[in-house]
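Each residue of the sequence shown is one higher than the one before, counting from 534 in my numbering.
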Amino acid sequence: MVWIVVGYLSGSWLAALSVCRLAGVGDPRQHGSFNPGFSNVLRLYGPRLAAVTLLLDALKAMPAVLGAKLMNCPVWLQGLVGLAVLLGHSFPLWHHFRGGKAVASAFGVLLILVPNVALLSAVIWALLAWRLKTAAMASLASALVAPLICAWLAPAYFMVVGGFSLLVLARHGLNIRRLRRGEEPPFRGS
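1) So residue 582 and residue 552 are supposed to be a Cβ contact under 8 Å. How far apart are they, rounded?
2) Measure the alpha-carbon distance for residue 618 versus residue 658 and round it to whole angstroms.
3) Excluding the five sequence neighbours on either side, which residues of its own chain have a C-beta within less than 8 Å of the C-beta of residue 691, listed in chain order?
4) Unbroken alpha helix (DSSP H) runs of length 4 or more, entirely within the region 608-673: which are they?
5) How many whole angstroms separate the CB atoms of residue 641 and residue 592, which I take to be in contact at a CB cut-off of 8 Å?
6) Hey, would you say residue 570 sits closer than 7 Å to residue 633, going by beta carbons?
7) Just to confirm the assignment, what range does the alpha helix (DSSP H) spanning residue 562 have?
8) At a threshold of 6 Å, does residue 620 count as lining the ligand ATP (C-beta to nearest heavy atom)?
9) Round the Cβ separation of residue 639 and residue 589 to the nearest angstrom and send it over; I've been treating them as touching at under 8 Å.
10) Within this structure, are the beta carbons of residue 608 and residue 689 separated by less than 7 Å?
11) For the alpha helix (DSSP H) that contains residue 536, what are its first and last residues?
12) Could you pull out every residue in the same chain whose Cβ sits closer than 6 Å to the Cβ of residue 542, ignoring the five residues on either side in sequence?
13) Excluding five sequence neighbours on each side, which residues of the same chain lie with their C-beta closer than 8 Å to the C-beta of residue 647?
14) Can you tell me whether residue 683 is helix, strand or coil according to DSSP?
Next up, the structure:
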């Protein structure tokens, strides 16, 4: 289906690279956690550039998923379109399959498919990130609770959200190892 291809292609645009290039700062893949995403941009360059990265990575996820949802595609197909966005962000073809961890893009996908789940997960992420001063722990926790929230608020999407969560958790393997060793870098200024 065309929405799956559109999802992958839109997901493959890494907002952090464009935002950092336009701001005249270094490529986030060369510094910090070497991840082209919101949390690394926040650690390296502060909240303004990170907020723009977050917004753009969430927004890029929306058109394909919204198209599939508006066409009344079955839930499993909407999930495949969302997964294509996340895979595009994680493994972008034109960046030699070296992408981000898909947390912000997953937020954008969830905002279209299950907005209440997205918003509650975002609140959990924000509270934990503020309290623990690390994005990885907040991302892991919100990815773990998102399917549980979904089972409560939108059970038809439980398997879809569970699949998204597994991808996000898998993309955080290095962070999990660093957390175990106490080497996960905190946010800038903390």
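Glycine included, every Cβ here is placed at the ideal spot set by N, Cα and C.
Reading off the structure:
1) 6 Å
2) 21 Å
3) 680, 683, 684
4) 608-623, 636-646, 648-665
5) 6 Å
6) yes
7) Here residue 562 belongs to no alpha helix (DSSP H), and DSSP marks it neither H nor E.
8) Among the components modelled here there is no ligand, and therefore nothing to report on the ligand ATP.
9) 14 Å between Cβ atoms; not a contact.
10) yes
11) 535-544
12) none
13) 683, 686, 687, 690, 694
14) helix
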